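Structure first, commentary second.
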Amino acid sequence: MKKITRGFAKIIYNILSFFDRWLITPITKLILRITDFFKKNSKTVERLLNKKSTLLVISLLLAFCTFLIIDNKSNVTIDQYAEVLYKQKVIPTYNEELYVVEGLPKTVDITLIGQKRHIFLAKQTPSNGVTVDLTGLKPGNHKVTLKYSQKLKSVDYRLDPSTVTVTIYEKVSQTRTLTYDILHKDSLDSKLYIKSVELNRSNVIIKGAEYKLKKVATVKALVDVNNLSNPKAGKIELKDVPLVAYDNNGEVVDVEIVPSTVDATLTVTSPSKKVNINVVPKGELAFGKAIKSITPNITSVTVYGDEKAISNIQSIDVPIDVKGLENDKTYNITLTKPNGITEISDKTISIKVALDVSVSKEFSDIHIETENLNEKYIVQAMNREDSSVTVVVKGSKGIVDNVSSANIKAYIDLENYGVGEHEVEVKVKGDDLKLSYTSKTKKVKVRITEK
Numbered sequence: 355m356k357k358i359t360r361g362f363a364k365i366i367y368n369i370l371s372f373f374d375r376w377l378i379t380p381i382t383k384l385i386l387r388i389t390d391f392f393k394k395n396s397k398t399v400e401r402l403l404n405k406k407s408t409l410l411v412i413s414l415l416l417a418f419c420t421f422l423i424i425d426n427k428s429n430v431t432i433d434q435y436a437e438v439l440y441k442q443k444v445i446p447t448y449n450e451e452l453y454v455v456e457g458l459p460k461t462v463d464i465t466l467i468g469q470k471r472h473i474f475l476a477k478q479t480p481s482n483g484v485t486v487d488l489t490g491l492k493p494g495n496h497k498v499t500l501k502y503s504q505k506l507k508s509v510d511y512r513l514d515p516s517t518v519t520v521t522i523y524e525k526v527s528q529t530r531t532l533t534y535d536i537l538h539k540d541s542l543d544s545k546l547y548i549k550s551v552e553l554n555r556s557n558v559i560i561k562g563a564e565y566k567l568k569k570v571a572t573v574k575a576l577v578d579v580n581n582l583s584n585p586k587a588g589k590i591e592l593k594d595v596p597l598v599a600y601d602n603n604g605e606v607v608d609v610e611i612v613p614s615t616v617d618a619t620l621t622v623t624s625p626s627k628k629v630n631i632n633v634v635p636k637g638e639l640a641f642g643k644a645i646k647s648i649t650p651n652i653t654s655v656t657v658y659g660d661e662k663a664i665s666n667i668q669s670i671d672v673p674i675d676v677k678g679l680e681n682d683k684t685y686n687i688t689l690t691k692p693n694g695i696t697e698i699s700d701k702t703i704s705i706k707v708a709l710d711v712s713v714s715k716e717f718s719d720i721h722i723e724t725e726n727l728n729e730k731y732i733v734q735a736m737n738r739e740d741s742s743v744t745v746v747v748k749g750s751k752g753i754v755d756n757v758s759s760a761n762i763k764a765y766i767d768l769e770n771y772g773v774g775e776h777e778v779e780v781k782v783k784g785d786d787l788k789l790s791y792t793s794k795t796k797k798v799k800v801r802i803t804e805k
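Basically the working numbering = 1-based index in the sequence shown + 354.
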């Protein structure tokens, strides 16, 4: 224990001796010399200190020394700062006419580390940006280093990423037929219709790596209706329509397209047609009731849309549910646009249905017609009773009294029937939809033979 204590005391003694020899003694001697100097030259020093110029010089020296001390300390401990410059463009150097480069990021992040004022200066100082030199590299995979040129050396720069692996391909080209797609059709005035689109060229050149060109199924000009300014019926010119390449799945293929845009001429029309409203009652009325009248507030509408769709429309059916109806009723119906129709002049219709007491009347010897029989066949009734039926017509007396056999049609639907004997359901319809038509004979027997 005594040995340990002696050893520890010896270490303390050596440390104190070191400080005494190299720190305390030299400083004490320096202070004594300065004191002796001032004692011997007290009058001279006093005269110097009484001069304003001397005090000014001393103050400046002390201020400068203080600034250096504080600045050096703050450089090390206080003013270290980092700032990130996001998405800085990468500028590659290579022969773009001969090669395609993949794997190179379009942007990188740069972290600036240093004092705030130096970082501020670095951000204001022009630079060549982030560059990578691929000159002389052949097709294949290469690991390359990104560089950031900045003249300010007091700031540390770090790139993320700083190195990347790129793949270089030989650039090839092909000619492709150009088509188009119309975007945002729904934003066009519903009374207008784009009849045709003409592009100022029919072919374009696509360039890129060979494996990518093989993926390209089509190149399309994207005609955006939102880019039309106040569209009206007539010819509309659209400039700088972008081109995009797609694969068989409709995914975009990243290739160079020459040219990158085209001009388009749109032919905009406003096809329209006036058609009748046809109210169709659905369901059976309450027992003993019949429809006396159906009165819509409008009897026709104007439809707009595709020319072909308009030409195929003769009327618009408006179904109303009369199942179990016992009293007069007014229906407010929203009109449904048929396929190919973009606009109807009236959106809704009001229909008044008036009821009456139901009466019935029979019409005999209504000839049975055929529908949808294949042209290579002929059909015959198995016997005379199968060639005609008696039809019972029910409805309001004033309407029933005006019905004749010419207003009634009985028929059988022979679609999907072939050669042979068949028992087929009889269907009946009439000109006036306010009436109900029922055949007393439900089915008839027919024979189908080849011509």
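Ideal Cβ placement from N, Cα and C applies to all residues, glycine included. None of the values given here were measured: they were computed from a predicted structure.
- The beta carbons of L709 and N681 sit closer together than 9 angstroms.
- Straight through space, the alpha carbons of K568 and N602 are spaced by roughly 11 angstroms.
- Taking C-beta atoms under 8 angstroms as the contact rule, K574 and V598 qualify, at a distance of about 6 angstroms.
- Judged by DSSP in its simplified three-state form, E804 adopts strand.
- With contacts defined as CB atoms closer than 9 angstroms, V558 and I536 fail to qualify as a contacting pair.
- V754 carries a helical assignment under DSSP once its states are collapsed to helix, strand and coil.
- In this structure, the beta-carbon distance from I467 to R530 does not fall below 9 angstroms.
- Comparing C-alpha distances from L491 to each of T519, D510, V509 and P480 shows the shortest one belongs to T519.
- Here Y440 is exposed: its Cβ has fewer than 16 other Cβ atoms, across all protein chains shown, within 10 Å.
- By a beta-carbon distance limit of 8 angstroms, Y765 does not contact E739. Their separation comes to about 17 angstroms.
- Per DSSP, the beta-bridge partners of F717 are V745.
- Per DSSP, E739 lies in no beta strand (DSSP E) and is assigned neither H nor E.
- Taking 9 angstroms as the cut-off, the Cβ atoms of V778 and E804 do not count as close.
- The C-alpha of S481 lies about 12 angstroms from the C-alpha of Q442.
- Its chain contains P596 and L597 as the residues whose beta carbon lies nearer than 8 angstroms to that of S614, once the 5 sequence neighbours on both sides are disregarded; these appear in chain order.
- Per the C-alpha coordinates, the member of I695, A436 and Q734 positioned closest to D660 is I695.
- Around the C-beta of A563, 16 or more other C-beta atoms lie within 10 Å, and the residue is accordingly described as buried.
- An exposed status is given to S704, since fewer than 16 other beta-carbon atoms sit within 10 Å of its beta-carbon.
- Boundaries of the beta strand (DSSP E) harbouring Y511: D510 to D514, taken from the DSSP string.
- Bridge pairing for T517: T499 [DSSP].
- Taking 9 angstroms as the cut-off, the Cβ atoms of V782 and K763 count as close.
- From the listed residues K586, T684 and T653, the smallest Cα separation to S669 is found for T653.
- With respect to the 9 angstroms criterion, L553 and I590 are not classified as neighbours on the basis of their beta carbons.
- Burial state of V634 is exposed, judged by a 10 Å Cβ sphere holding fewer than 16 other Cβ atoms.
- Shortest Cα-Cα distance from S503 to any of V484, D700, E638 and Q478 involves V484.
- Taking the CA atoms as reference points, S665 sits about 11 angstroms from V657.
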